[in-house]
Ligand SMILES: Cc1cc2nc3c(=O)[nH]c(=O)nc-3n(C[C@H](O)[C@H](O)[C@H](O)COP(=O)(O)OP(=O)(O)OC[C@H]3O[C@@H](n4cnc5c(N)ncnc54)[C@H](O)[C@@H]3O)c2cc1C
Ligand SMILES: Nc1ncnc2c1ncn2[C@@H]1O[C@H](COP(=O)(O)O)[C@@H](O)[C@H]1O
C-alpha cells in the first residue's frame, strides 16, 4: 500500500475549496510516501464535477456515483470504504468539515485506521506525522500512529494554499454496491440563514465582540461605541447562542465570512471557527486580557487589556 | 425512552501552565476542570426529551479520572438520573478511538434509544469521538445537530444539521441513533440547591475497561494515535503589541481607525 487518497468534497453542484487544499497537502506527502496521488469524489454528480479536480499533481480521479441526490453520511462512509479498498493508500486525507465529521471517524473506527482530526499539517517522516493544535490552539501536538499502516487524517481548512495548474489525471468511475439498509437518513430540505437589515459582509469597519463582554446588559455599550466609531457591530458565536444578537451578525465558519478593511475584536479568543470568518480582514486589532489568546496570532495589532477599560477610553475620546 | 449522554471534563489551562516531564502533555496540576460546553447543551437536550416522554431515563457517561465525578454530580443535579464513570490508570493518554470504544461498550450495555454527544470538546477539539463511537456500534448518526424532534412511535428523529455558512439541512434519521449536539440548540438550565443535594443520592457507577470486557491487550489495540510531543506554536507574524494604559491603547486604536477607514 502506498500513495495518498484525497477525498474531495462537493455541495449543491460545486466542488468545495478544501478539496484543492487537500491536493496541495497530498502533493508534498507523496514526495515522501511515494505515489500515486488519487482524488476520490462521491456524489450524484461526481462524474460531471471530476474535471474540476484535475489539477497539477493528481494522478487519478475516481468517482463514485451516490444513490442519493444530496450528501448522506452513511452513503459517504460506504463509498469511502470502497475507495480505500480500491486505492489501498497509505494516507487518506479529508477536510475537517461538517460533512466529513459525520462519517470519516466512523470508518476509521471500524477499519482500525490511524486517526487524527483538525490537522494543521501532515508530513512524511518515514511515517506519517501530524501536527495539530491542543487546548484550543494554545499548544501544538506532534501526533504519530504506531502500529498503523494506514492513517486517515482530517485537515483543517485554510492550512495550505490550494493546488493550482492544469492537470492530466486519468478519470475512472468506481462501482459501489451500496447497502440500502444502512442508509439511515432521509433528506428533507435546506434552510438558508435569514438575512437581516444589516449586512456585515459589506461593512468596511466591524467592531466585533465575544464572550468576554460577559453579560447581555453590556451589549448596549458596544452598540453605542460602534455607532460613535462609525463601525458595524458583529459578534462571535456564543453571543448568538445566548440569544443576545441574531445570527446575521455572527462571524465565522457557521456564520458569515467578512473581509472588512478593519476588524476590531473585543473579548474574542480566536477559535479556529471564528478565524475562518475573519482572517482575511485587511487589518485586525484584538483587545483581550489573555496574552496567550490565539487571536493575537492573526491580529496585526494587539492590546493585552481589559476590554471595558479600553471601550470606556474610546467612548470618552469620541464623545 | 432512554438517552445516554456522553460528557467530558475538559481542562482549562492556568495562565502559567507547564508541560509534563515527558513533554507529551500539560502538567495536570496546571489545569482547572470544567464540563465541556457542548456537553452542557447535549445534556439539556436529553433532559428536555425526557421531560416530554411518558417515561424516561437519562444516563450520563464519562471516561475520566476521579476529578470527573464532580462533573457527573453536576449533570445529575441538572436532571440526569444515573451516571457511569469509566477509568483506570492506563487511560491517562487515551486517544479518541480508545475513548470512543469504551463509551461504545457502555452504550451497548445500556441499549438506549438515543446517544447524545457534544460536537467537540474544548480541550481535545477532535470533533470525532461521537461519530467514531457510532462506527464501533454500527449506529446511524448525524453530526452537528441544532434541532431534535424525536418520534417514539415511528422510531425516528427529525433533526437539523448545521452546515458551513449558516446553511441548515433538515433530515430524518432512524433510531436508535447517535447525534452530536451543537451549542445554541437550547438554553442549558442551572441546578437548584435542592437538585444539587438530591444529586448526591443518585447512583454513580464506576467501571474499569476490564469490567466492560476490554482487557489490556484490547485497550492497546484500539489506540490509533499517540502524541509524542507538545510545544508552543510558532509565533509567526505575531501582532504588534499596543503598550500603555487604556487611554494610550484607545488613542492608538483611533489613530489606526483614522488611517484605515477614516
Ligand atoms: C462546528 C462549529 C462551528 C462554529 N462556528 C463558529 C462561528 O461561526 N463563529 C464563532 O465565533 N464561533 C464558532 N464556533 C465556536 C468556537 O469554537 C468558539 O467556541 C467561539 O468562537 C468562542 O467565542 P469567543 O471567542 O467569543 O469566546 P471565548 O473563547 O470564551 O473567549 C472569550 C475571550 O474573552 C477574553 N476576555 C474575557 N474577559 C475579558 C475582559 N474583561 N477583557 C478582555 N478580554 C476578556 C478571554 O480572555 C477570552 O479570550 C463553532 C464551533 C464549532 C464546533
Ligand atoms: N472522555 C470522554 N468521556 C465522555 N465523553 C467524551 C469523552 N471525550 C469525548 N467525549 C464526547 O465526545 C464529544 C466530542 O469530543 P472530541 O471528539 O474530543 O472533540 C464530547 O462533546 C463528548 O460528548
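Chains as they are written, first to last, in the numbering used here: chain A, 1086 to 1404; chain B, 83 to 344. By construction, the Cβ of each residue, glycine as well, lies at the ideal position given by its N, Cα and C atoms.
Self-check item: Start-to-end residues for the beta strand (DSSP E) that takes in residue 1150 of chain A
Solution: Residue 1150 of chain A -> beta strand (DSSP E) spans 1145–1150.
Quiz item: Who are the neighbours of residue 222 of chain B on chain A, taking C-beta pairs under 8 Å?
Solution: Contact of residue 222 of chain B with chain A by beta-carbon distance below 8 Å involves 1159, 1269 and 1270.
Practice problem: Spatial neighbours of residue 1370 of chain A within its chain, please: CB distance less than 6 Å, with the 5 preceding and 5 following residues excluded, ordered by chain position. | Solution: A distance below 6 Å between beta-carbons, with the five flanking residues on each side excluded, links residue 1370 of chain A to the following residues of its chain, in chain order: 1349 and 1386.
Self-check item: Residue-level contact to chain B via CB, residue 1364 of chain A, 8 Å cutoff
Solution: So no, residue 1364 of chain A is outside the interface.
Quiz item: Using 8 Å as the limit for Cβ to Cβ distance, is residue 1165 of chain A near chain B?
Solution: Taking 8 Å as the threshold, the shortest C-beta distance from residue 1165 of chain A to chain B does not fall below it.
Quiz item: Do you know offhand how far residue 1129 of chain A's Cα is from residue 1150 of chain A's?
Solution: Cα-Cα distance, rounded: 5 Å.
Self-check item: Per-residue DSSP class, three states only, for residue 84 of chain B
Solution: Assignment of residue 84 of chain B by DSSP, reduced to helix, strand and coil, places it in the strand class.
Self-check item: Start and end residues, alpha helix (DSSP H) containing residue 91 of chain B
Solution: Not the alpha helix (DSSP H): residue 91 of chain B falls in the beta strand (DSSP E), residues 91–95.
Quiz prompt | Per-residue contacts from residue 1389 of chain A into chain B (C-beta, under 8 Å) | solution = Chain B residues near residue 1389 of chain A: 323.
Quiz prompt | Pairwise C-alpha distance: residue 285 of chain B and residue 142 of chain B | solution = Across the structure, residue 142 of chain B and residue 285 of chain B are spaced so that their CA atoms are roughly 11 Å apart.
Quiz item: Does the stretch 257–272 of chain B come within contact of the stretch 132–152 of chain B, defined as at least 3 CB pairs closer than 8 Å?
Solution: Counting Cβ pairs under 8 Å, fewer than three are found: no touch.
Self-check item: The alpha helix (DSSP H) enclosing residue 212 of chain B, as first and last residue numbers
Solution: 211–219 is the span of the alpha helix (DSSP H), which, as asked, contains residue 212 of chain B.
Self-check item: Members of the stretch 1368–1379 of chain A near chain E, C-beta cut-off 9 Å
Solution: The structure shown contains no chain E; the protein chains it does contain are A and B.
Quiz item: Along the chain, where does the beta strand (DSSP E) that runs through residue 131 of chain B open and close?
Solution: Segment 119–133 is the alpha helix (DSSP H) holding residue 131 of chain B; no beta strand (DSSP E) there.
Self-check item: Range of the contiguous alpha helix (DSSP H) that encloses residue 280 of chain B
Solution: Start and end: 275–281.
Quiz item: How would you list, in chain order, the residues of chain A whose beta-carbon sits under 7 Å from the beta-carbon of residue 95 of chain B?
Solution: Under a criterion of Cβ atoms nearer than 7 Å, the residues of chain A adjacent to residue 95 of chain B are, in order, 1220 and 1223.
Exercise. In the DSSP assignment, find the unbroken alpha helix (DSSP H) run with residue 1359 of chain A in it and report its ends.
Key: Here the alpha helix (DSSP H) through residue 1359 of chain A covers 1357–1363.
Quiz item: Using 8 Å as the limit for Cβ to Cβ distance, is residue 266 of chain B near chain A?
Solution: Residue 266 of chain B counts as touching chain A.
Quiz item: Would a check of beta-carbon distances place residue 315 of chain B closer than 8 Å to chain A?
Solution: Interface residue, yes.
Self-check item: chain B within 8 Å of residue 1139 of chain A, Cβ atoms only
Solution: Chain B contact via Cβ: absent.
Self-check item: Any non-hydrogen atom of ligand 1 within 7 Å of residue 1392 of chain A CB
Solution: Relative to ligand 1, the beta carbon of residue 1392 of chain A is positioned inside 7 Å of a heavy atom.
Exercise. Locate the alpha helix (DSSP H) running through residue 179 of chain B, then write down its first and last residues.
Key: Where residue 179 of chain B is concerned, the enclosing alpha helix (DSSP H) stretches over 178–192.
Exercise. Output the distance between the C-alpha atoms of residue 1106 of chain A and residue 1363 of chain A, rounded to the nearest integer angstrom.
Key: The alpha-carbon separation between residue 1106 of chain A and residue 1363 of chain A amounts to approximately 19 Å.
Exercise. Please confirm if residue 1275 of chain A has its CB atom under 8 Å from at least one CB of chain B.
Key: With 8 Å as the cut-off, residue 1275 of chain A counts as an interface residue toward chain B.
Self-check item: Minimum C-alpha distance to residue 1156 of chain A - residue among B:312, B:224 and B:118
Solution: When only C-alpha atoms are compared, the closest one is B:224.
Quiz prompt | Whole-Å CB distance - residue 1379 of chain A paired with residue 1389 of chain A, under 8 Å assumed | solution = Between residue 1389 of chain A and residue 1379 of chain A the Cβ distance is about 13 Å, and since that is not below 8 Å, they are no contact.
Quiz item: Does the beta carbon of residue 1398 of chain A come closer than 8 Å to any beta carbon on chain B?
Solution: By this cut-off, residue 1398 of chain A is an interface position.
Quiz item: Helix, strand or coil for residue 1230 of chain A per DSSP?
Solution: Here residue 1230 of chain A carries a coil assignment [DSSP, helix/strand/coil].
Quiz item: Any C-beta of chain A sitting closer than 8 Å to the C-beta of residue 205 of chain B?
Solution: So, interface residue.
Quiz item: Exposed or buried, residue 1198 of chain A, counting other C-beta atoms within 10 Å across all chains shown (16 or more means buried)?
Solution: Residue environment analysis places residue 1198 of chain A among the buried positions, since at least 16 neighbouring C-beta atoms fall within 10 angstroms of its C-beta.
Exercise. State yes or no: is the beta carbon of residue 1354 of chain A nearer than 8 Å to at least one beta carbon in chain B?
Key: Residue 1354 of chain A is outside the set of residues whose beta carbon lies under 8 Å from a beta carbon in chain B.
Exercise. Quick one: give me the first and last residue of the beta strand (DSSP E) that residue 1307 of chain A is part of.
Key: No beta strand (DSSP E) holds residue 1307 of chain A; the alpha helix (DSSP H) holding it covers 1304–1314.
Exercise. Tell me, please, whether the stretch 1258–1265 of chain A touches the stretch 1222–1239 of chain A by the rule of three or more beta-carbon pairs shorter than 8 Å.
Key: In this structure the stretch 1258–1265 of chain A does not lie against the stretch 1222–1239 of chain A, because fewer than three pairs of beta carbons, one per stretch, are closer than 8 Å.
Exercise. From the DSSP output, in three-state form, read off residue 296 of chain B for me.
Key: Of the three classes helix, strand and coil, the one that applies to residue 296 of chain B here is coil, per DSSP.
Quiz item: How about residue 1381 of chain A: is its C-beta nearer than 8 Å to some C-beta of chain B?
Solution: Interface residue, yes.
Practice problem: Using beta-carbon positions only, say whether residue 1313 of chain A and residue 1253 of chain A come within less than 8 Å of one another. | Solution: Cβ atoms of residue 1313 of chain A and residue 1253 of chain A: not closer than 8 Å.
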